[in-house]
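Residue numbers (the numbering used here), protein chains in the order written: chain B, 0 to 368; chain S, 0 to 368.
Protein chains: 2
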Amino acid sequence: MTIKFELLKKSKESQARLGRLYTSHGEIETPIFMPVGTQATVKTMSPRELKEIGSQIILSNTYHLYLRPGHELVKEAGGLHSFMNWNLPILTDSGGFQVFSLAKLREINDNGVTFRSHIDGSKHVFTPEKSMEIQMALGSDIAMAFDECAPYPCSYEETRKAMERTTRWAERCLEFHNHPYQVVFGIIQGGTYKDLRIQSSKELSSLDFPGYGIGGLSVGEPKSLMYEILDEMMPYVPDNKPRYLMGVGSPDCLVEGVLRGIDMFDCVLPTRIARNGTVMTSRGKLVIRNAQYARDFSPIDPECDCYACKNFSRAYIRHLLKADEVLGIRLTTIHNLSYLINLMKDIREAIKNDRLIDFTKNFYEKYNS
Amino acid sequence: MTIKFELLKKSKESQARLGRLYTSHGEIETPIFMPVGTQATVKTMSPRELKEIGSQIILSNTYHLYLRPGHELVKEAGGLHSFMNWNLPILTDSGGFQVFSLAKLREINDNGVTFRSHIDGSKHVFTPEKSMEIQMALGSDIAMAFDECAPYPCSYEETRKAMERTTRWAERCLEFHNHPYQVVFGIIQGGTYKDLRIQSSKELSSLDFPGYGIGGLSVGEPKSLMYEILDEMMPYVPDNKPRYLMGVGSPDCLVEGVLRGIDMFDCVLPTRIARNGTVMTSRGKLVIRNAQYARDFSPIDPECDCYACKNFSRAYIRHLLKADEVLGIRLTTIHNLSYLINLMKDIREAIKNDRLIDFTKNFYEKYNS
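If you want it as structure tokens, here you go:
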């Protein structure tokens, strides 16, 4: 299977692009931010709220759904869209990153990864074929190839080995994958080594995936280093395919990623910090749990028109968070996701009007104020 | 202040009544169930969801809001309606029940109750006047008189003392209360002693409150005893005023209460059991966390048209609950509240059509099936 990706416009000022990706559950406008629904739910949100804030696609996690409730059960329910009642596009990751970051007692060899569940300690094996099998059962629109993600920091030799294995696994994924509408994106690895990133980009490009994830960034390295790596590698990532920077979701990184030619992003950051009482605003982050907001009857972000900002004050939301009331983290989550989705909408508008550089300047001025 | 209560119909078959209560934030149709928003939020629900399921009035808690965020802060926010963005009627309890059931190290005398906060152990005093002051600051539509609620079981002598003190405190509440639109309901006590219940009903009636709460029932005594007490006392509770059976919310008790002439109910039961994964259905309770529902792709209650039942399966909701996902308890809460609100709607319809006895028979047949 392949997927139609229309490149609507290339920015004259930067590497930014405007695109449209066609999936069997609808189109998405790129550049785009994808909310993460790890366990078949974007934490605290209902599907209709996700639609209301303009989510066009969500991500879900192969590793988590395989362990609980099990991909066979999801398949029995008619697939993930039906199980969770989300009829717009879904992207599933490969489980690769999670077995390396969450699971216990991993053993890696060329065949795959043996690991123990973080839930009950039970033993499991993920191979490229198994990852494809699970993702086909889930029935997402976009599956990701099973990859080995090197940590940060990591030696050149180790990073090279993981990168080369990722290429071999990518071939096996393509070989095994067979689904009426689901497509598989390859994942480029290579850690923070520019030559490895370029080698991986070239190797994966030659496999002609319908889209490319860039994995193994935003795993602890400084932002400036991530930007440098992107600068070096992006010329080698096919520009007629969607390019997805995995696990990146802070507002400044979204802007910088788009400037470097990224089309898709995902991250748990907006939902995770929301649950800790931190909100993203046009003037930067704000820890709404802080005492200074106890009697602040203004909205989280006066420039935002989400349900939280239109109807509730910082003081009320702070009260809910302090009192451990679920509505508190619901409202901060609605707001943070709305903020990123609106940011991407503004970015798309700026690309359209050839004013992304100007937009970026204004963004930073306010964001750092 | 008084309140307009229109008695639309008295059932020919039982003591049930159909009524309409006019508050400054809108009318409510009785008999009615009031969802409980202890800390200025009905747990897990947003105000618009509450409206969507047909909540006409909610209850909130004086004790909790006094401790956190503080009634003065709520007053600064423009009152509780404004603070929590709920523009329909609100009833606040007096804090009496909570200081006896939640707070620590209580000392009671005729002046009031000294207690320690369950949150931080700080020392506080509630008097009838203080309870009125807090409720006036909150600006609810209906305030409750400060009462002493005897536990169950409790000796006759102790129950009598608490009941007599409740009458003296009720007088002080009326004396002190002064608010442009808020009204105060008296609370009848007397534990499980019929003569004390009758005495309390008579004493409170003579104070001419615009409505009456029946407190101190559903505190551990058998349901049959509660029904007996109601049978004995209701002839002494003014029938031209709304009658509110406090803290009662199991479906069968709602039906039995209405048959005995009750107009208003509140209880944390539907929201509390929802968070433990238990749902109320037309066929009785169902513990949706149980393994038997893992692959049950039918809705919680096929007869229900709430958002949870229209869009999600038992299997999905069970998965969410097992995975500690907030959406799980949101959906069970939406359903349980919808169930009780729809039950009351059906009851009102049955009273209107003089078929409440028939309705009750059908209700029990299915409920116990």
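Idealized CB from N, CA, C, for every residue including glycine.
Worksheet item: Of all the CB atoms in chain S, is at least one closer than 7 Å to the CB of GLU324 of chain B?
Response: What you label residue 324 of chain B is simply residue 325 of the first sequence in a count that begins at 1. GLU324 of chain B counts as touching chain S.
Discussion item. Are the CB atoms of SER130 of chain S and GLY185 of chain S within a distance shorter than 7 Å?
Written reply: Residue numbering aside, residue 185 of chain S sits at position 186 when the second sequence is read from its first letter. Residue numbering aside, residue 130 of chain S sits at position 131 when the second sequence is read from its first letter. No, these two residues do not count as a Cβ contact at 7 Å.
Worksheet item: Could you give the C-beta distance for ALA169 of chain B and ALA142 of chain B, rounded to a whole number, given that I count them as a contact under 8 Å?
Response: Within the first sequence, numbered from 1, the residue matching residue 169 of chain B stands at position 170. Within the first sequence, numbered from 1, the residue matching residue 142 of chain B stands at position 143. ALA169 of chain B to ALA142 of chain B, Cβ: 12 Å. No contact.
Worksheet entry | Contacts that GLN38 of chain B makes with chain S (C-beta to C-beta distance below 8 Å) | Numbered from its first residue, the first sequence carries residue 38 of chain B at position 39. Within 8 Å Cβ-Cβ: HIS318, LEU319, ALA322 and GLU324.
Worksheet item: When you compare only the Cα positions, how much space is there between PRO30 of chain S and GLU51 of chain B?
Response: Within the second sequence, residue 30 of chain S is the residue found at index 31, counting from 1. Within the first sequence, residue 51 of chain B is the residue found at index 52, counting from 1. Computed Cα separation, rounded: 35 Å.
Worksheet entry | Neighbour list for ASN310 of chain B in chain S, Cβ cutoff strictly below 9 Å | The residue given as residue 310 of chain B occupies position 311 in the first sequence. Those are SER45, PRO46, ARG47 and ASN84, listed as they occur along chain S.
Discussion item. Within a Cβ cutoff of 6 Å, which residues of the same chain sit near PHE99 of chain B, ignoring the five residues on either side of it in sequence?
Written reply: For this step, residue 99 of chain B is matched to residue 100 along the first sequence. Counting only Cβ-Cβ distances below 6 Å, and skipping sequence neighbours, we find CYS148.
Discussion item. Could you check if ALA102 of chain B belongs to the surroundings of the ligand SAH, using beta carbon to heavy atom distance under 6 Å?
Written reply: As for the ligand SAH, it is missing from this structure, which has no ligand bound.
Item to complete: Please classify PRO68 of chain B: is it buried, with 16 or more other beta-carbons within 10 angstroms of its beta-carbon, or exposed?
Response: Along the first sequence, one-based indexing puts residue 68 of chain B at 69. Per the 10 Å Cβ criterion, buried.
Item to complete: Identify which residue in B:TYR211, B:ALA307 and B:ILE89 has its Cα closest to the Cα of ARG196 of chain B.
Response: Translated into the one-based positions of the first sequence, residue 196 of chain B becomes position 197. Nearest of B:TYR211, B:ALA307 and B:ILE89 to ARG196 of chain B, Cα basis: B:TYR211.
Worksheet item: Can you name the residues of chain S whose CB is closer than 8 Å to the CB of GLU302 of chain B?
Response: Within the first sequence, the letter at position 303 stands for residue 302 of chain B. By Cβ distance, chain S contributes nothing, its closest Cβ being about 20 Å from GLU302 of chain B, past 8 Å.
Practice prompt. Show which residues of chain S have a CB atom less than 9 Å away from the CB atom of ALA273 of chain B.
Written response: Residue 273 of chain B sits at position 274 when you count from the first residue of the first sequence. Correct list: empty, because the minimum Cβ distance to chain S is about 11 Å.
Worksheet item: Which of the three DSSP states, helix, strand or coil, is assigned to ILE89 of chain S?
Response: Against the second sequence, residue 89 of chain S aligns to sequence position 90. ILE89 of chain S falls in the strand class under three-state DSSP.
Practice prompt. Taking ASN367 of chain S as the reference, give the member of S:ASN310, S:ARG282 and S:VAL286 with the closest Cα.
Written response: As a working mapping, residue 367 of chain S is identified with position 368 in the second sequence. Selected option, being the one with the closest Cα: S:ARG282.
Item to complete: With TYR226 of chain B as the anchor, note down where its alpha helix (DSSP H) starts and where it stops.
Response: Counting from one through the first sequence, the residue named residue 226 of chain B turns up at place 227. Residues 222-232.
Worksheet item: Shortest alpha-carbon distance to LYS8 of chain B belongs to which of B:ALA349, B:LYS365 and B:LYS360?
Response: To locate residue 8 of chain B, count along the first sequence from 1; it is residue 9. Ranking B:ALA349, B:LYS365 and B:LYS360 by Cα distance to LYS8 of chain B puts B:ALA349 first.
Worksheet item: Using a beta-carbon distance cut-off of less than 7 Å, what residues from the segment 89-104 of chain S approach chain B?
Response: none
Fill in: Counted within 10 angstroms of its Cβ, other Cβ atoms place ILE328 of chain S as buried (16 or more) or exposed
Taking the second sequence and counting its residues from 1, the one referred to as residue 328 of chain S is at position 329. Label assigned to ILE328 of chain S: buried.
Discussion item. Just to confirm before moving on: does the CB-CB distance between PRO88 of chain S and ILE27 of chain S stay below 7 Å?
Written reply: Counting from one through the second sequence, the residue named residue 88 of chain S turns up at place 89. Counting from one through the second sequence, the residue named residue 27 of chain S turns up at place 28. Against a cut-off of 7 Å, the Cβ pair of ILE27 of chain S and PRO88 of chain S comes out as a contact.
Worksheet entry | Residue-chain proximity (PRO68 of chain B, chain S), Cβ-Cβ < 7 Å | Locating residue 68 of chain B in the first sequence gives position 69, where the first residue counts as 1. PRO68 of chain B counts as touching chain S.
Worksheet item: LEU244 of chain S to VAL218 of chain B, Cα distance in whole Å?
Response: Indexing the second sequence from 1 puts residue 244 of chain S at position 245. Indexing the first sequence from 1 puts residue 218 of chain B at position 219. Rounded to whole angstroms, LEU244 of chain S to VAL218 of chain B spans 57 Å at the Cα level.
Fill in: Three-pair Cβ contact test at 8 Å for the segment 297-305 of chain S versus the segment 349-363 of chain S
no
Fill in: Test: ALA307 of chain B CB closer than 7 Å to a CB of chain S
If you number the first sequence from 1, residue 307 of chain B lands on position 308. False, the Cβ-Cβ gap to chain S never drops below 7 Å.
Worksheet item: So with Cβ pairs under 7 Å, would you call ALA136 of chain B a contact of chain S?
Response: Residue numbering aside, residue 136 of chain B sits at position 137 when the first sequence is read from its first letter. No, its Cβ sits nowhere closer than 7 Å to a Cβ of chain S.
Practice prompt. Would you identify the three-state DSSP class for SER59 of chain B, choosing helix, strand or coil?
Written response: In the first sequence, residue 59 of chain B corresponds to position 60, counting from 1. Correct three-state label for SER59 of chain B: strand.
Worksheet item: Below 8 Å, can you find three or more Cβ-Cβ pairs linking the segment 107-119 of chain B to the segment 148-158 of chain B?
Response: no
Practice prompt. Give the residues of chain B in contact with ALA76 of chain S, contact being defined as C-beta atoms less than 9 Å apart.
Written response: The residue labelled residue 76 of chain S in the question sits at position 77 within the second sequence. Those are ARG294, PHE296, SER312, ALA314 and TYR315, listed as they occur along chain B.
Discussion item. Considering only their Cβ atoms, is the gap separating LEU326 of chain S from LEU320 of chain S smaller than 7 Å?
Written reply: As a working note, residue 320 of chain S is residue 321 in the second sequence. As a working note, residue 326 of chain S is residue 327 in the second sequence. The answer is no: Cβ separation not under 7 Å.
Worksheet item: For PHE96 of chain S, which of helix, strand or coil comes out of DSSP?
Response: What you label residue 96 of chain S is simply residue 97 of the second sequence in a count that begins at 1. The answer is helix: DSSP assigns PHE96 of chain S an H, G or I state.
Discussion item. Relative to the C-alpha of ARG271 of chain S, which candidate in S:GLU75, S:LYS193, S:ASP304 and S:LEU336 has its C-alpha closest?
Written reply: One-based indexing of the second sequence puts residue 271 of chain S at position 272. That would be S:LEU336, whose Cα lies nearest to the Cα of ARG271 of chain S.
Worksheet entry | Cβ separation of GLN97 of chain B and TYR62 of chain B, assumed to be a contact under 8 Å, to the nearest whole Å | Residue numbering aside, residue 97 of chain B sits at position 98 when the first sequence is read from its first letter. Residue numbering aside, residue 62 of chain B sits at position 63 when the first sequence is read from its first letter. About 3 Å; that satisfies the 8 Å criterion.
Worksheet entry | Top-ranked residue by Cα proximity to SER200 of chain S, from S:GLU5, S:THR166 and S:VAL183 | Within the second sequence, residue 200 of chain S is the residue found at index 201, counting from 1. Looking at the Cα atoms, S:THR166 is the closest of the given residues.
Worksheet entry | Whether MET33 of chain B touches ASP265 of chain B by CB criterion (7 Å) | Reading the first sequence from its first residue, position 34 is the one you call residue 33 of chain B. Reading the first sequence from its first residue, position 266 is the one you call residue 265 of chain B. A contact, by the Cβ cut-off of 7 Å.
Worksheet item: Whose C-alpha, out of B:VAL286, B:TYR292, B:PRO269 and B:ASP345, is nearest the C-alpha of GLU302 of chain B?
Response: In the first sequence, residue 302 of chain B corresponds to position 303, counting from 1. Closest by alpha carbon: B:ASP345.
Worksheet item: Among the residues of its own chain, which have a CB less than 7 Å from the CB of GLY25 of chain B, if the five just before and after it don't count?
Response: Position 26 of the first sequence, counted from the first residue, corresponds to residue 25 of chain B. Once the five neighbours on either side are set aside, the close Cβ partners of GLY25 of chain B are LEU87 and PRO88.
Worksheet item: At which residues does the beta strand (DSSP E) containing ILE2 of chain B begin and terminate?
Response: Your numbering for residue 2 of chain B matches position 3 in the first sequence. Segment: none, ILE2 of chain B is in no beta strand (DSSP E) and carries neither H nor E.
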